[in-house]
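Have a look at the structure below, then the notes.
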Amino acid sequence: MALDNKNNEFKVIGSTPNRPDGLDKVTGRARFGADISVPGMLHGAVVRSPHAHAKIVKIDASKALAMKGVKAVITRADFPEGLEGEDWNLQENAMAGEKALYDGHAVAAVAATSPLAARDAAKLIEVEYEVLLHVTDVDEAMKDGAPAIREGAADYSVPEGLHPNVVRFFDTGMGDLDKGFAEADLVVERSYTTEAAHQGYIEPHACLGQMGADGRGELWCCTQGHWFIRRMSTAVLGVETTNIRVTPSEIGGGFGGKTTITIEPLSLALSRKAGGAPVKMVMNRGEVLRATGPTSSASMDIKMGMTKDGKITAAHGTFRMQGGAFPGAPVDVTTMLAFANYTIENVHHIGYDVITNRPKQAAYRAPGAPMAAFAVESTVDEMCRTLGLDPIETRLKNASRDGTRSTFGPKFGPVGLVESLEAARDHANYKMPLGPNQGRGVASGYWMNWGGETSASVAMSEDGTVTVSVGTPDIGGSRASMALMAAEAFGIAYENVRVNISDTGALGVNEPTHGSRATYASGLATIKAAEECITKMCKRAADKWGIDADAVIWEDGSAKPSGPNAGEFDPLSIGEICAEMGETGGPISGHYEGSPTGFSGSFGTHVVDVEIDPETGHTTVLRYLVVQDAGKAIHPAYVEGQFQGGAAQGIGWALNEEYIYGEDGRLQNPVFLDYRIPVASDLPMIDTVIVEVPNPGHPYGVRGVGETGITPPLPALANAIADATGLRMRGLPMTPPKILAALKAQKNG
Amino acid sequence: MSKVHVTTTVNGDQAEFLCEPRETLLDCLRDKLHLTGSKEGCGTGDCGACSVTVDDRLVCSCLMLGVEAEGKEIKTIEGMADGENLRPLQAKFIEHAALQCGVCTPGILVASEALLKKNPDPTEEELRYWLAGNLCRCTGYDKIIRAVMDAAAEMRETS
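Order-wise, the sequence lines are chains Z and C. Just so we're aligned, residue 175 is where the first sequence starts under the numbering used here, counting upward by one. Just so we're aligned, residue 1020 is where the second sequence starts under the numbering used here, counting upward by one.
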């Protein structure tokens, strides 16, 4: 697709108007998942397994059903049999069948007339378990003798002889590794681990489901993608997809964790069993941490070769990742992106997707990328230190750029890694003097971005204002971005555009707000639908003037005669055309549907300064810089917000956050006090530089920016800690006790 | 279980509700008075999304029982603006793009307003420690801190 506005100055793109939902969100009026109530509503609660791995011998709900106000109890027996593949995985995860597969796995649910009654009734449901051996660690799960969680879960890709917990296997590469390593002056081989981190959205999952005996109904929920929720929920319940209309609420954060189902099919099943009364379900934080998300944990081996002047000659990575009790750890992406920052002729990736007795992993911001970045960017940093090379100059020497072949195969188009490295090198933060116990770390990261199924409509109003309907829920200000792009396309004011997030009944299938696709794909759809409206409005003007439609141009929100007719007629404004549209042919609207493929990835480079307290091992983040390629920043303040939010999540993953399982296989820290995400006093201001290397696949040059930012912080922090202390931390999180122990070991030689 | 009749003041208006003794103030505000601006992010006092003031003291409404509201004066996010006029904090949050998803925003606004009442001129460090009980997962806090500092400056100028 041509870059329509390549040489044009933008009029509204790049400005930072107030977001349209701002007023609702600062006054408490915005309705999130748990804020919706309807007459006759029941409340649901879930019974969850306290065991990591256990056979479900018997479920006795008689006491609960005898309780006043209890209207329905469901177990797996209330779901259809015979599902296959990922549909079966989703069903099994939503409600355990023969076995509970992790601490927190749903085994039954109840609907009652009040939230308290539902919770009381859930406690009365008696479940008899036969506890089985469990395994929660990825390396342990692959060893001989580890309990097999589900025989036959492995797919065709897994070579013979591996443990049945290995369910998918990846092996990709190119070039000649032996030759590459022979050319190196330094070959380094290291192992790394990262723990599972939760998306940590502040709004727990919530939904309100209603379904009658005919299997039809509605669902209101907080989700990143209501068409996904519709397809998954109806598949799990064994009804046709269009039986359920799904309406998204405002969403209180998702980061990938709200692209899949959890309680949604339970609310529908409870509703059906309770005679069609709507059933509201709201998770508590413990349920969120025990039974949704998190991302995978990883165990990785990296071997890299470098010449003494800094050229990377070969790279090999082995990535073992567990994604809970079901296939799906994002090891395919991990292997794909591990070395993506670099042009390397000889490269090889091995990946293992392993099942364990943990909750089914869900996507988390750049799923799969941060773990590999931690391992690879730490290794590159160590090599630079050993060879006395500058980390940014070394990255520039090897950087992926327009025309180079990526380590995963295709050639890159225009991308902004070189520009982000140069901007980081030239930034004041990279030159700040450092004091005792302080250190600086650099790392780069990449996310390939996504297009995906997209359907959007634009409708003209009688006064010439515009309604945009998109299907990607607004998590971080995307309605403002859509309105800016529509305003730019029409040549009208931002305030004259209203953006709605439509329900599943109003548009064709839309993939979720995921993969950093919303501003790219729904934005492109908005522009294309607006262009269709403009074509129709030009036709109305041409008809009025009695000239060919081809002889009308659209400029500054008006139709104007052009060519031989230029100046013949007064321009017709958007307001004038729309005021008459009832008489000139009826309503005017435009539509776009497609799976746009012109998305292009976003590279970023982070620079962090830390100070390590030698008494406690605590890491203070002194200053933080994010430089990233946005292609074209539509609303720069919300682009900065994505950079800053991604960095903060990465800092948390690097320093604090982890899933801690006890010997009993139970999650030890299912509260925010113990699963500690960064708080305001943990962080400094997060400086940002927006690099703009336009994406030729979007009319205005947009690249998705949401995900890249979580990738560099993990290694950047490790590299800064190494700079400050000389300690190379190879396991996340780098908590004060771990750093203190390493400092002591270092002191004792 | 028998319910307790509670009479209280919410955002300047008298309010009454019936609740079980074990129900939290947050549940009563949301489910009985339909003031859903206060959010439950954790239920354990760790995230601050349910922040309200009780007799001008900042509390997590998830850690207080509904029955304890008897005779008290409660203020929630719904009572912050003066009619159609936003408070400076509210306006600055929109202007500075200090929210992304917005679910933590009500609690952070209530907590920030409580700080500025006690300390109209906080340092960045004082503000960061005051807001350490209010989790935001989207923004990295940068724009929130800037918005509150800017609002504080404006409030000092106009007071």
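Where is the CB? At the ideal position from N, CA and C, for every residue including glycine. All figures in this text were calculated on a predicted structure; none of them were measured in a lab.
Q.
Beta-carbon within less than 7 Å of C/E1143's beta-carbon, same chain only, minus the 5 sequence neighbours each way: which residues are those?
A. Walking along the second sequence from the start, residue 1143 of chain C turns up at place 124. For C/E1143, where only same-chain residues beyond five positions count, the Cβ hits under 7 Å are I1164, M1168.
Q: Could you pull out every residue in the same chain whose Cβ sits closer than 6 Å to the Cβ of Z/V332, ignoring the five residues on either side in sequence?
A: The sequence position of residue 332 of chain Z within the first sequence is 158, counting from 1. Counting only Cβ-Cβ distances below 6 Å, and skipping sequence neighbours, we find V340, F343.
Q.
With the cut-off set at 9 Å, would you say Z/N830 and Z/I851 are in Cβ contact?
A. On the first sequence, residue 830 of chain Z is found 656 positions in, with the first residue counted as 1. On the first sequence, residue 851 of chain Z is found 677 positions in, with the first residue counted as 1. Yes, these two residues count as a Cβ contact at 9 Å.
**Q.** Secondary structure of C/F1036, DSSP reduced to three states
**A.** For this step, residue 1036 of chain C is matched to residue 17 along the second sequence. Strand, per DSSP.
Q: Report the rounded CA-to-CA distance for Z/R293 versus Z/L570, giving the unit in angstroms.
A: On the first sequence, position 119 is the one that residue 293 of chain Z refers to. On the first sequence, position 396 is the one that residue 570 of chain Z refers to. Approximately 58 Å, taken between the alpha carbons.
Q.
Within 10 Å of its beta-carbon, does C/R1041 have 16 or more other beta-carbons around it, so buried, or fewer, so exposed?
A. Residue numbering aside, residue 1041 of chain C sits at position 22 when the second sequence is read from its first letter. Exposed.
Q: Classify Z/G399 as helix, strand or coil using the three-state DSSP reduction.
A: Position 225 of the first sequence holds residue 399 of chain Z. Looking at Z/G399 - three-state DSSP - the assignment turns out to be coil, as it is neither helix nor strand.
Q.
For chain Z, check one thing: does any of its Cβ atoms lie closer than 9 Å to the Cβ of C/S1070?
A. For the purposes of this step, residue 1070 of chain C is taken as residue 51 along the second sequence, with counting starting at 1. Chain Z, which has no Cβ nearer than 9 Å to the Cβ of C/S1070, makes this no.
Q.
Quick check on the burial criterion: 16 or more other C-beta atoms within 10 angstroms. Buried or exposed for Z/M175?
A. Mapped onto the first sequence, residue 175 of chain Z falls at position 1. With a pLDDT of 35 at Z/M175, under the threshold of 50, the modelled position of that residue is not reliable, and the figure given next carries that caveat. Exposed, since its Cβ has fewer than 16 Cβ neighbours within 10 Å.
Q: With DSSP collapsed to three states, give me the class of Z/E785.
A: The residue given as residue 785 of chain Z occupies position 611 in the first sequence. Residue state, collapsed to three classes: strand.
Q. Looking at Z/K185 and Z/A661, is the spacing between their C-beta atoms short of 9 Å?
A. On the first sequence, position 487 is the one that residue 661 of chain Z refers to. On the first sequence, position 11 is the one that residue 185 of chain Z refers to. Against a cut-off of 9 Å, the Cβ pair of Z/K185 and Z/A661 comes out as a contact.
Q: Identify whether Z/I884 lies in helix, strand or coil by the three-state DSSP scheme.
A: Counting from one through the first sequence, the residue named residue 884 of chain Z turns up at place 710. Residue state, collapsed to three classes: helix.
Q: Entirely within the stretch 614-700 of chain Z and at least 3 residues each: give me those beta strand (DSSP E) ranges in chain order.
A: 628-634, 640-644, 671-675
Q: Express the C-alpha separation of Z/D313 and Z/S471 in angstroms, rounding to a whole number.
A: Counting from one through the first sequence, the residue named residue 471 of chain Z turns up at place 297. Counting from one through the first sequence, the residue named residue 313 of chain Z turns up at place 139. Z/S471 and Z/D313: Cα-Cα distance of roughly 10 Å.
Q. Which residues does DSSP pair with Z/G304 in a beta bridge?
A. Within the first sequence, numbered from 1, the residue matching residue 304 of chain Z stands at position 130. Checking the displayed sequence, the identity of residue 304 of chain Z turns out to be Glu instead of Gly. Z/K229.
(Q) Do Z/H400 and Z/I437 have their beta-carbon atoms positioned less than 9 Å apart in this structure? (A) Residue mapping note: residue 437 of chain Z aligns to position 263 of the first sequence, counting from 1. Residue mapping note: residue 400 of chain Z aligns to position 226 of the first sequence, counting from 1. No.
Q.
So for Z/G760, helix, strand or coil by DSSP?
A. If you number the first sequence from 1, residue 760 of chain Z lands on position 586. Z/G760: coil per DSSP, three-state reduction.
Q. What's the C-alpha gap between Z/T899 and Z/I786?
A. Reading the first sequence from its first residue, position 725 is the one you call residue 899 of chain Z. Reading the first sequence from its first residue, position 612 is the one you call residue 786 of chain Z. For Z/T899 and Z/I786, the distance between alpha carbons rounds to 8 Å.
Q: Starting from the beta carbon of C/A1100, find every residue of chain Z whose beta carbon is closer than 7 Å, and list them in chain order.
A: For the purposes of this step, residue 1100 of chain C is identified with residue 81 of the second sequence, where counting begins at 1. The contacting residues are T201.
(Q) What are the residues in the stretch 855-872 of chain Z lying within 9 Å of chain C by C-beta distance? (A) S855, D856, L857, P858, M859, I860, D861, T862
(Q) Taking the beta strand (DSSP E) that Z/P735 belongs to, which residues open and close that run? (A) Counting from 1 along the first sequence, the entry for residue 735 of chain Z is found at position 561. Start and end: 732-735.
Q: Excluding the 5 residues preceding and the 5 following Z/S574 in the sequence, name in chain order all residues of the same chain whose CB lies nearer than 7 Å to its CB.
A: If you number the first sequence from 1, residue 574 of chain Z lands on position 400. A514, N515, Y516, T517, S580, F586, V589, L591, listed in sequence order.
Q | Reference Z/E392; option with closest CA among Z/E302, Z/T434, Z/K454 | A | Translated into the one-based positions of the first sequence, residue 392 of chain Z becomes position 218. That would be Z/K454, whose Cα lies nearest to the Cα of Z/E392.
Q. From Z/S473, Z/G502, Z/N458, Z/M215, pick the residue whose C-alpha is nearest to that of Z/T434; which is it?
A. Reading the first sequence from its first residue, position 260 is the one you call residue 434 of chain Z. Minimum Cα distance to Z/T434 is reached at Z/G502.
Q) Since Z/L901 contacts Z/T368 with CB under 8 Å, what's their CB separation in whole angstroms? A) For the purposes of this step, residue 901 of chain Z is identified with residue 727 of the first sequence, where counting begins at 1. For the purposes of this step, residue 368 of chain Z is identified with residue 194 of the first sequence, where counting begins at 1. Rounded, the Cβ-Cβ distance is 17 Å, inconsistent with contact.
**Q.** Whole runs of the beta strand (DSSP E) within the stretch 1083-1163 of chain C, excluding any shorter than 3 residues
**A.** 1092-1094
Q | For Z/A703 and Z/S655, believed in contact at Cβ under 8 Å, the rounded distance | A | If you number the first sequence from 1, residue 655 of chain Z lands on position 481. If you number the first sequence from 1, residue 703 of chain Z lands on position 529. Not a contact, Cβ separation roughly 15 Å.
Q: Step through the CB atoms of chain C and report whether any lies within less than 9 Å of the CB of Z/H400.
A: The residue given as residue 400 of chain Z occupies position 226 in the first sequence. For Z/H400, the answer is no, since every Cβ of chain C falls outside 9 Å of its Cβ.
Q: For C/A1151, verify whether its CB is less than 8 Å away from any heavy atom of the ligand MN.
A: With respect to small molecules bound, the structure shown includes none, and the ligand MN cannot be examined in it.
Q. Between which two residues does the beta strand (DSSP E) containing Z/I727 stretch?
A. On the first sequence, position 553 is the one that residue 727 of chain Z refers to. Unbroken beta strand (DSSP E) run through Z/I727: 726-729.
Q. Rounded to a whole number of angstroms, what is the C-alpha to C-alpha distance between Z/M889 and Z/R494?
A. For this step, residue 889 of chain Z is matched to residue 715 along the first sequence. For this step, residue 494 of chain Z is matched to residue 320 along the first sequence. For the sequence presented, residue 889 of chain Z should be read as Pro rather than Met. If you take the alpha carbons of Z/P889 and Z/R494, they lie about 18 Å apart.
Q) With 16 as the cutoff for other CB atoms within 10 Å, does C/R1076 come out buried or exposed? A) On the second sequence, residue 1076 of chain C is found 57 positions in, with the first residue counted as 1. C/R1076 is exposed by the Cβ-count criterion.
Q. How do the stretch 188-196 of chain Z and the stretch 1113-1121 of chain C stand: do at least 3 beta-carbon pairs fall below 8 Å, yes or no?
A. yes
Q: Would you tell me roughly how many angstroms separate the C-alpha atoms of Z/G625 and Z/R390, rounded to the nearest one?
A: Stepping through the first sequence from its first residue, residue 625 of chain Z is reached at position 451. Stepping through the first sequence from its first residue, residue 390 of chain Z is reached at position 216. Approximately 31 Å, taken between the alpha carbons.
**Q.** Under 7 Å by beta carbon: chain Z residues contacting C/C1066
**A.** Within the second sequence, the letter at position 47 stands for residue 1066 of chain C. Going along chain Z in sequence order, the residues near C/C1066 (Cβ under 7 Å) are I376, F846.
(Q) Let me see if you follow: with CB-CB separation under 9 Å, is Z/N181 close to chain C or not? (A) Here residue 181 of chain Z is taken as the residue at index 7 of the first sequence, counted from 1. Here Z/N181 scores only 45 on pLDDT, less than 50, and its place in the model should not be relied on; the value that follows carries that caveat. With 9 Å as the cut-off, Z/N181 does not count as an interface residue toward chain C.
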